[in-house]
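Enquirer: One structure follows; several queries about it will come next.
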Amino acid sequence: MRILCVAILVLSSPANAIDYSHGTSYLEPLKYGADFVHFAYVNPDAPKGGAIRYPELGTFDSFNNILDKGRVAGGVAFLGAWNLLYDRLLEQAADEPASYYGRLAAGVWVAEDFKQFAFKIRDGAFWHDGTPLTAEDVVFTFNTFKEKGSAGIKTALLELGTVELVSDNEVLFTTKPDAPGKPDLLFAVGAFPILPKHYWAPLDITITTTVPPLGSGPYRIGRFEIGKNITLDRVDGYWGADIAVNRGRYNFDHVKFDYFRDEAIMVEAIKGDVIDVRHESVSKNWTTAYDFPAVKAGYFKKELVHLDKPWGLWWPVMWNLDRERFQDIRVREALWLLSDFNWTNRVLMYGFYKSADSFFFNSRMAASGLPSEEELTLLEPWQGKIPERVFTKAWVSKGTSGFGYDRDNIKRSLQLFKEAGWELRDGVMENVRTGDPFIIDFIFVSPMALRQETPLMRMLNTVGIQTTARAPEISNWLYRMRNGKFDGGVLAFEPNTTPGLMLRNRLSTTSADTTGGQNWNRIRDPAVDAMIDHVLAARDPKDFYAATRALDRILLWNFYYVPGLGSPGYRLVYWDKFGIPQDRPRLRRIAWIDTWWWDEAKAERVKNRPSAKDMEELK
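All the letters of the sequence shown, read from the start, carry residue numbers 11 to 629 under this note's numbering.
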């Protein structure tokens, strides 16, 4: 662990004197010095103006982003660049693995044991109503999160003890007395949006609302139709427009999110110039849908963007471990044996994906080969409590012909079912003791996700497992997944470069036992919990990577998920109306929403393009 350019405690108490730094980093040194004026991946002279339209799948019914209830509107997301309404204490650089620089915070201090950290709030920050943004707002925010936030927020702040004013513009965070100091807590606190005390204190923040809340960020909520669309308008005179982490960003006058209930309609909408840019999540569409005249004529762009980030697992199948039949590891392995990535990728995915053999696919966090000495140090206390293959075998995706019905895998699967008390009788997989049939009720996020898992369901039916599958309306899907009303489902596993808190939210016992938690498949594994703690507590790259790789092995060999698809890149499609920074290194995220700008000449060219018929003739 390295904290670069960090402050030195001058006196015995942080309350007396703190030497602050402009930024803090994890695992690698800071790229930008204290005197930097803008990120390298932006155009600091980008013009302001124009609008950009982006599609969302489903609907929305709330602007309150700290609750589990409802679905929050686009642009009001809790974390990251997609939160346009609020500011946060720190800004994560998109061209570094895990470096954070002051945004609302003019400086950050971190104790050597990570049990304390402090922020100095910038002078001149203010809310959209003109009220100054102060350290009191920061204290109010985190006390509110601890008491009334969503399950995910509370889990992320589990070790946070006190939040107190050090001075009029300084806030000190201290962990609970019995909690170990962990770097990820600092980064979570730094990334969370700051709420206005004078706005929320008189209101009930525990209920959803469609009243646009007060923010301090680069945009405010403009026009909207609940469930249909929302437009965010750039704030003239935004206090933070010219600070280093924001210069050259947030260039559009308007950012509009349009909601669609069907992905196929979404595709037609962008082809019809109803929306401007989208991530194409479906390989069939990527391969076949964008072959229209405007693409060939150069008015419409289709770009596979390679990102410097872990891709993780693309919509793997997960099992609800609250269902007794999935608690047996032999059953989960038997189900995994019936999947066929090669067939699915060849027939349904147009050969786009790679076989993902890690929860941290496309990163140094992924396990490979046999465990290293550092990994074994973490794993050996769990000998006899985790699968022996964690220690003795390298995980390798099972090989298949890619033409379905792999006899050896089917044979081994049936043997495992039998060992677990299930047997194929007269075409039905039955429990030997009770005679109950093996049934799996799948709930999928979309018809496309259902289509993706059709080969698996076909194989399940082949061995006598009865399957049902639905892709309900998105809010119903969300309700069922959150509340465990499913047997099998899919959910993307996309860790970031500092995944500790994400891992706790997605995989820990704490989250599984919390109403509204994000551990939807209800993993309750002490070894998994321990490895997550090691990830959170890592102080240097060697410790960090040993912990992620050890965790990876435990997850894979327990067959909690059916891994499969690993993405080779981000499928971006857009109309060529925009300026894009020329210096485009591999970033850890797609930065269109905050670094692109409206290019009037390009937009006019697209607007005045020939008809489809004329473009075909010109070709």
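Where is the CB? At the ideal position from N, CA and C, for every residue including glycine.
None of the values given here were measured: they were computed from a predicted structure.
Have a look at W137 and W249 and give me their C-alpha separation to the nearest angstrom.
Expert: Straight-line Cα distance between these residues: approximately 9 Å.
Enquirer: With DSSP collapsed to three states, give me the class of S518.
Expert: Coil, per DSSP.
Enquirer: I need the straight-line Cα distance from P24 to Y96, nearest angstrom please.
Expert: Residue confidence is low: P24 scores 47 on pLDDT, short of 50, so the model does not pin down where it sits. No coordinate-derived value is stated.
Enquirer: Under a Cβ-count criterion, where at least 16 other Cβ atoms within 10 Å of its own Cβ denotes burial, should H316 be classed as buried or exposed?
Expert: H316 should be labelled exposed.
Enquirer: May I ask you to list the residues that DSSP assigns as paired with W585?
Expert: W585 is bridged to F310.
Enquirer: Considering only their Cβ atoms, is the gap separating A128 from P182 smaller than 7 Å?
Expert: Sequence inspection shows Leu at residue 182; the Pro mentioned does not correspond to that position. Yes.
Enquirer: Contact defined as beta carbons within less than 8 Å: I believe A104 pairs with A601. What is the distance between those atoms, to the nearest angstrom?
Expert: Correct: roughly 5 Å between the Cβ atoms.
Enquirer: Please report how far the alpha carbon of N441 lies from the alpha carbon of V473, in whole angstroms.
Expert: Their Cα atoms are separated by approximately 13 Å.
Enquirer: Within the 7 Å Cβ cut-off, does R244 reach chain C?
Expert: Of the protein chains in the structure, only one exists, and it is not chain C.
Enquirer: Considering only their Cβ atoms, is the gap separating G576 from W296 smaller than 7 Å?
Expert: No, the Cβ-Cβ distance between W296 and G576 is not below 7 Å.
Enquirer: Would you mind working out which of L196, R422, S456 and Q102 sits nearest L511, comparing C-alpha positions?
Expert: When each option's Cα is compared against that of L511, the closest is L196.
Enquirer: Counting pairs of beta carbons, one from the stretch 617 to 624 and one from the stretch 528 to 548, are three or more of them closer than 8 Å?
Expert: The answer is no - the stretch 528 to 548 does not touch the stretch 617 to 624, with fewer than three Cβ pairs under 8 Å.
Enquirer: Just confirm the distance between the C-beta atoms of V583 and K312, as a whole number of angstroms; I'd bet it's less than 8 Å.
Expert: Indeed they touch by this definition, with Cβ atoms about 5 Å apart.
Enquirer: Tell me, please, whether the stretch 494 to 513 touches the stretch 537 to 554 by the rule of three or more beta-carbon pairs shorter than 8 Å.
Expert: Taking 8 Å as the limit for Cβ pairs, the verdict is that the stretch 537 to 554 does touch the stretch 494 to 513.
Enquirer: Per DSSP, what kind of secondary structure is F401 in: helix, strand or coil?
Expert: Three-state result, F401: helix.
Enquirer: Here's a check: name, in chain order, each residue in its chain whose Cβ is nearer than 8 Å to the Cβ of R1, leaving out the five neighbours to either side.
Expert: For the chain, the structure presents residues 11 to 629; residue 1 sits outside this window and is missing.
Enquirer: Three-state secondary structure (DSSP) at R615?
Expert: Three-state DSSP puts R615 in a helix.
Enquirer: With the cut-off set at 7 Å, would you say N506 and G258 are in Cβ contact?
Expert: Against a cut-off of 7 Å, the Cβ pair of G258 and N506 comes out as no contact.
Enquirer: Would you mind sorting Y415 into buried or exposed? The rule is 16 or more other CB atoms within 10 Å of its CB.
Expert: Under this definition Y415 is an exposed residue.
Enquirer: Going by DSSP in three states, S621 sits in which element: helix, strand or coil?
Expert: The answer is coil: DSSP assigns S621 none of H, G, I, E or B.
Enquirer: Helix, strand or coil: how does DSSP classify D286 here?
Expert: The answer is coil: DSSP assigns D286 none of H, G, I, E or B.
Enquirer: Report the residue from L40, I240 and R63 whose alpha carbon sits nearest the alpha carbon of V287.
Expert: With distances taken between Cα atoms, V287 lies closest to R63.
Enquirer: Taking 8 Å as the cut-off, does the stretch 476 to 488 touch the stretch 437 to 453 (at least 3 CB pairs, one atom from each stretch)?
Expert: Cβ pair count under 8 Å is three or more, so yes.
Enquirer: Look at the Cβ atom of A430, then the Cβ atom of R333, and state whether they are nearer than 7 Å.
Expert: No, the pair does not count as a contact, with Cβ atoms beyond the cut-off.
Enquirer: Go through its chain and collect everything with a Cβ distance to I18's Cβ below 7 Å, but skip five positions before and after it.
Expert: Because I18 carries a pLDDT of 34, less than 50, the predicted location of this residue cannot be relied on, and no value is offered for it.
Enquirer: Roughly how many whole angstroms lie between the Cα atoms of T141 and G134?
Expert: Near 10 Å, if we compare the C-alpha coordinates of G134 and T141.
Enquirer: Going along the chain, which residues of its own chain have a beta-carbon closer than 8 Å to the beta-carbon of N493, five neighbours each way excluded?
Expert: None.
Enquirer: Taking its Cβ as the centre, do 16 or more other Cβ atoms sit within 10 Å of I204, making it buried, or is it exposed?
Expert: With 16 or more other Cβ atoms within 10 Å, it is buried.
Enquirer: Just tell me which of S382, G171 and V327 has its CA closest to the CA of T402.
Expert: For the residues S382, G171 and V327, the minimum Cα distance to T402 belongs to S382.
Enquirer: With distances taken from CA atoms, which of F46, E504, Q126 and A540 is nearest D318?
Expert: The residue with the shortest Cα to Cα distance from D318 is E504.
Enquirer: Under the three-state reduction of DSSP, which class applies to W329: helix, strand or coil?
Expert: Three-state result, W329: strand.
Enquirer: How big is the Cα-Cα spacing for S22 and L170?
Expert: At S22 the pLDDT is 37, less than 50, meaning the model places this residue with poor confidence and gives no usable figure here.
Enquirer: Can you check whether the CB of G526 is closer than 7 Å to the CB of D78?
Expert: It is a contact, given that the beta carbons lie within the stated cut-off.
Enquirer: Considering F270, what are the terminal residues of the beta strand (DSSP E) in which it resides?
Expert: From DSSP, the beta strand (DSSP E) with F270 extends over H264 to F270.
Enquirer: In the structure shown, what three-state DSSP assignment does L434 receive?
Expert: L434: strand per DSSP, three-state reduction.
Enquirer: In the DSSP output, which residue or residues are listed as bridge partners for K364?
Expert: Its beta-bridge partners are G576.
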